[in-house]
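Colleague:
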Amino acid sequence: MGAPLLELNGVGFAYPASPGHRERPFRLHDLSFAIAPGEIVGVIGPNSAGKTTLIRLLTRVLAPTAGEIVLEGRPLARWSQAELARRIAVVPQGVLPRFPFTVGELVLMGRYPHAPDRYFENPADLAAAREAMAATGVLELAALPLDSLSGGERQRAVVARALAQEPRLLILDEPTAHLDLRYQAESAALLRRLNRERGVTVLLVSHDLNLAGEICDRLLLMADGRLVAAGAPEAVLEESLLGAVFACEVTVEKSATTRRPVVQLTWRVDSPNAGAAASPTANQRR
Amino acid sequence: MTRPALAVALALALALPATAFTVRDMLGRGVTLAGPPARIVSLVPSVTEILYAIGAEDRLVGVTDFCDYPPAARQKASVGGMVNPNLEAIVALTPDLVIATTEGNREETFAQLERLGIPTYLVAAHHVSDVTGLITRLGGLTGRQTAGDALRARLEQRIEAVRTTVQAFRRPRVLYVLWPEPLIVPGRGSLVAELIGLAGGESITAAAGDAYPRYSLEAAVARAPEVILLANHGSNTGPIERERWQRLTDLPAIKTGRLHQMDGNLLHRYGPRVVDGLEQLARAIHPEAFR
Amino acid sequence: MSPAARLMTVLGVLAAILVLAGAAALFVGSAAISPRAVVSAVTGRAAPESVESVVTLSIRLPRILVAMLAGGALAVAGVAFQGLTRNPLAEPSVLGISGGAAFGVVIGQSVGFGPGVLEAAGLTVFAFAGALLAAGAVYLIAAAGRGFQIQTLLLAGVIVGIFFASAITVVISLLDFNRLGGVIHWLLGNLAPIPRGSLALFAGLAALGFWLVLTRARELNLLALGEESAQQLGVNAERLKLAIFIGAALLTASVVAFAGPIGFVGLIVPHALRMVLGPDNRLLVPASLVGGGAFLLLADTLARNIVAPAELSVGVITSFCGAPFFVYLLRTRYRASL
């Protein structure tokens, strides 16, 4: 690995205890890992493992209470928010409620960090936005209101917005969680393409183990605020490890077509301990 | 002003065209005019009445929509309501004086007129003596001093007549209903309370609060009024209103059938007809004195 | 057409309407003044004490300027509150601030300044005090806990507004009969000419509020992405929310202080402009300033003249426009819902 793009050294975080909330505030403990430029890294783990908190630390919405985060060799704390936004772009989870703008207007919002003082975007901004929309295949939809698009198209528009920031690192928080199957496949292909063709480093946070296993070069498995395992998908997606972390029984097979690990949940529908009904995908849900 | 002094003042005013004509209004403000006012806008119905009564209506160029007495006043140009008179209409009449009251016109209006350079003469009457005083003032202001003094004298005579007629009689407890819902009554220092006193009655709400406060029906009933007077405002009080009071059969006033209507226009405007109102009050409170 | 070009076009059209309406309003009124007389008054050829000069320059002109300023300020405050709360129903009066200012004025009027001592400034101070009190209360309620919560903002505004409305009712019920007419007249929302000094102060305060909102119009757009996403793009969300709130509160307070409580402008004008310009605040804010001014000016001119010499309250006209406008909005279900 050459100079890492992003490094976490012993990073810890604790939410300040507030009255009325649970007695043990959530903590992240001693996270250390590095992300090399050009990688696709997946962060997986059960809910409340700390994945979203991790994203917030990387975008400086939260500040670590221990340890240090280093981006391109410079501590994160020394970056301005606008500078940071020119390096790291986040595709957030979920659907934007009541969003009245068009696709084009949405994507242009991604240009804000490049010149926050400008009132209107300039031709360079427009060109970058067009480019980003072309890359995700939503250029023809530019004049349409975001709310009128299908789930998959909307996802691509949001990714275009992130791309318009011209980031080196693209973080996606549960990108396929609310998408139809076909759009999940499209999404995965898009991410791969962006990574291979444009050299965008991708950090993918997902509870979809198979998506992560399929497209990621490396996986980081988190549980209870700690990094439990890191490495190639074949190493991390291991039956006993997953079973321990997710507290259920899984089997892992190697796909005949892609040679990637495929995780299968062992359904126990007839046993009294069967959990809530799960979706047909091999996603584990709590 | 005494007559010789007035003659001197007039002579001076004529001789020195630039001399100002300064008077003090009822709030003590100095009002400076170029000369005796010849184009007056009255924003107060009672002032309009007085101006007509002393024969100064030729100097009156503008009135409000509420200036309905005497009927001839309705022929004068109207500048709108008392609360919201139309500034443009006032200015278009090129008045040299506007007469207004702090009880019914807004301070904002005086301020506006001041900014527009139109002198404003403010009046306020809380006592019967203020009413007669106002007549004298307006007489002096409009050069109708004699007529004003004569009117004042006549009115004071009539007031005295009423006072002496009723003074021998016991004072019944009187409830005067200015407004039925919410119940509004004449309180401390109000003109109506004073008139009731002059008419030989004792207003049960005399200590209720200043001017015209709200009053609870229970408190009124608890005081067992012997005479109840309902004020009309323009039109007759409806039968519903009378019935409401008729139902309180325990009240002395109802038992003896002493529920009367009063013409509000006579009693609520501090103009010359206040004395008509006084006489009406006296007849209602002491019918036995006027047989 | 680029957004900048679209903005210039719309601004041009609105400004033309504004100027024409303003000029036309100089010629209509209760005093019958010939057009030639009006022109001579405006060009300074008429004597300063002449009826046409006094009416045109001291009554009509200041009132026209107040209407333009108040309308623009209310419309911009409406855009700001709608963007801040992401709620299409947010408007200056919903946020409780005009209620606080109205309460201040009612207190001031019931205390009753002596005539002549009362300049517009006296009541203005009371109005501002009330507005600050309300804005402070809303802010404190909405800011309980971490940062300034937008979700609580509307609720806080409604609570504060209800409180002050009740307070006003209490004061009214205790008021001297004679003062009642004046207070109620003020509460209906009437524009009146104000002295030059007050006008300048009004303009200055409104300019400050406008500047606070205009310079953050782009960031206000980004707020639609959600506070966290906006933050990740480099927007300081806390400071943005505070600046917008203060700017909009300042605009609202100055309108109520100098012109009285006038409703619906902050709702109608932004929504109407959204139908033409779309949801981009960078276009809406400047357009609302001009469009709001034109709208209130037209409404006031109508109110002044439709039943001359009596005058309708301008609030009556704006409400009459407001109700059918919103029926229309609901029927067409246009996409400007924020």
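Residue numbers (our numbering), protein chains in the order written: chain P, 8 to 293; chain B, 17 to 307; chain U, 1006 to 1343.
Here a beta-carbon is modelled for each residue, glycine too, at the ideal position from N, C-alpha and C.
The structure displayed is predicted, hence computed values, not measured ones.
Is the shortest distance between the beta-carbon of residue 1229(U) and the beta-carbons of chain P less than 8 Å?
Modeller: yes
Colleague: Can you list, in chain order, the residues of its chain with a C-beta nearer than 8 Å to that of residue 1063(U)? Leave out the 5 residues immediately preceding and following it.
Modeller: 1198
Colleague: Classify residue 102(P): buried if its beta carbon has 16 or more other beta carbons within 10 angstroms, exposed otherwise.
Modeller: With fewer than 16 Cβ atoms within 10 Å of its Cβ, residue 102(P) is classed as exposed.
Colleague: Along chain A, in chain order, which residues have C-beta atoms closer than 8 Å to that of residue 1202(U)?
Modeller: In the structure shown, chain A cannot be found, because the protein chains are P, B and U.
Colleague: Across which residues does DSSP place residue 277(B) in a beta bridge pair?
Modeller: 246(B)
Colleague: Applying the 10 Å Cβ sphere with the 16-neighbour rule, what's the burial state of residue 300(B)?
Modeller: buried
Colleague: Taking the beta carbon of residue 126(P) as the centre, do at least 16 other beta carbons fall within 10 Å, making it buried, or is it exposed?
Modeller: exposed
Colleague: Could you tell me the boundaries of the beta strand (DSSP E) in which residue 1238(U) lies?
Modeller: Segment: none, residue 1238(U) is in no beta strand (DSSP E) and carries neither H nor E.
Colleague: How would you write the range of the alpha helix (DSSP H) that residue 271(P) sits in, first residue to last?
Modeller: No alpha helix (DSSP H) holds residue 271(P); the beta strand (DSSP E) holding it covers 268-272.
Colleague: Less than 8 Å between the beta carbons of residue 97(P) and residue 178(P), yes or no?
Modeller: In contact: residue 97(P) and residue 178(P) (Cβ atoms closer than 8 Å).
Colleague: Exposed or buried, residue 172(P), counting other C-beta atoms within 10 Å across all chains shown (16 or more means buried)?
Modeller: buried
Colleague: Using the Cα positions of residue 1156(U) and residue 161(P), report the straight-line distance between them to the nearest angstrom.
Modeller: One alpha carbon belongs to residue 1156(U), the other to residue 161(P), and they sit about 25 Å apart.
Colleague: Using 8 Å as the limit for Cβ to Cβ distance, is residue 105(P) near chain U?
Modeller: yes
Colleague: If you count every other CB in all the chains shown that lies within 10 Å of the CB of residue 1122(U), and 16 or more means buried, which is it?
Modeller: Residue confidence for residue 1122(U) is low, a pLDDT of 42 falling below 50, so the modelled location carries little weight; the figure read from the coordinates is stated next. With fewer than 16 Cβ atoms within 10 Å of its Cβ, residue 1122(U) is classed as exposed.
Colleague: Counting only Cβ pairs nearer than 7 Å, list the residues of chain B close to residue 1183(U).
Modeller: In chain order, 119 and 120 make up the part of chain B whose C-beta sits under 7 Å from the C-beta of residue 1183(U).
Colleague: Alpha carbon to alpha carbon, how far is residue 51(B) from residue 298(B)?
Modeller: If you take the alpha carbons of residue 51(B) and residue 298(B), they lie about 42 Å apart.
Colleague: Just to confirm, are residue 1239(U) and residue 190(P) a CB contact at a threshold of 8 Å?
Modeller: no
Colleague: In chain order, what are the residue ranges of uninterrupted beta strand (DSSP E) at least 3 long that sit wholly in the segment 121-163 of chain B?
Modeller: 136-139
Colleague: Select from 1320(U), 1324(U), 1297(U) and 1321(U) the residue whose C-alpha is nearest the C-alpha of residue 1024(U).
Modeller: 1297(U)
Colleague: Take residue 69(P) and list the residues in its own chain whose beta-carbon comes closer than 6 Å to its own, dropping the five residues that flank it on each side.
Modeller: 63
Colleague: With three or more C-beta pairs closer than 8 Å as the rule, is the segment 1258-1271 of chain U touching the segment 1074-1081 of chain U?
Modeller: yes
Colleague: Please confirm if the segment 195-209 of chain P is in contact with the segment 240-254 of chain P, defined as three or more CB-CB distances below 8 Å between the two stretches.
Modeller: no
Colleague: Excluding the five sequence neighbours on either side, which residues of its own chain have a C-beta within less than 8 Å of the C-beta of residue 273(P), listed in chain order?
Modeller: 255, 256, 257 and 258
Colleague: Taking any Cβ of chain P, which residues in the segment 1272-1300 of chain U have a Cβ under 7 Å from it, in chain order?
Modeller: 1284, 1285 and 1287
Colleague: So, does the segment 74-86 of chain P touch the segment 1185-1193 of chain U, judging by three or more C-beta pairs under 8 Å?
Modeller: no
Colleague: Have a look at 135(B), 168(B), 179(B) and 146(B) and flag the residue whose alpha-carbon is nearest the alpha-carbon of residue 47(B).
Modeller: 135(B)
Colleague: Which residue from 224(P), 252(P) and 11(P) puts its Cα closest to that of residue 80(P)?
Modeller: With distances taken between Cα atoms, residue 80(P) lies closest to 11(P).
Colleague: Which residue's Cα is closest to the Cα of residue 1300(U): 1323(U), 1283(U) and 1310(U)?
Modeller: 1323(U)
Colleague: Does the structure place the segment 138-154 of chain P close enough to the segment 103-114 of chain P that three or more beta carbon pairs sit under 8 Å?
Modeller: They touch, by the three-pair rule.
Colleague: Leaving aside the five residues before and after residue 119(B) along the sequence, list all residues of the same chain whose C-beta is less than 7 Å from its C-beta, in chain order.
Modeller: 140
Colleague: Helix or strand or just coil, what does DSSP make of residue 1190(U)?
Modeller: In the structure shown, residue 1190(U) sits in a helix (DSSP, three-state: H, G or I).
Colleague: Between residue 1258(U) and chain P, is the shortest Cβ-Cβ distance under 8 Å, so that the two count as touching?
Modeller: Using beta-carbon distances, residue 1258(U) does not count as an interface residue toward chain P, since no partner is under 8 Å.
Colleague: Ends of the alpha helix (DSSP H) at residue 194(P)?
Modeller: Going by DSSP, residue 194(P) is part of the alpha helix (DSSP H) stretching over 188-205.
Colleague: Show which residues of chain U have a CB atom less than 7 Å away from the CB atom of residue 110(B).
Modeller: 1056
Colleague: Quick one, are the C-beta atoms of residue 167(P) and residue 114(P) less than 8 Å apart?
Modeller: yes
Colleague: Please state the DSSP three-state secondary structure of residue 291(B).
Modeller: The answer is helix: DSSP assigns residue 291(B) an H, G or I state.
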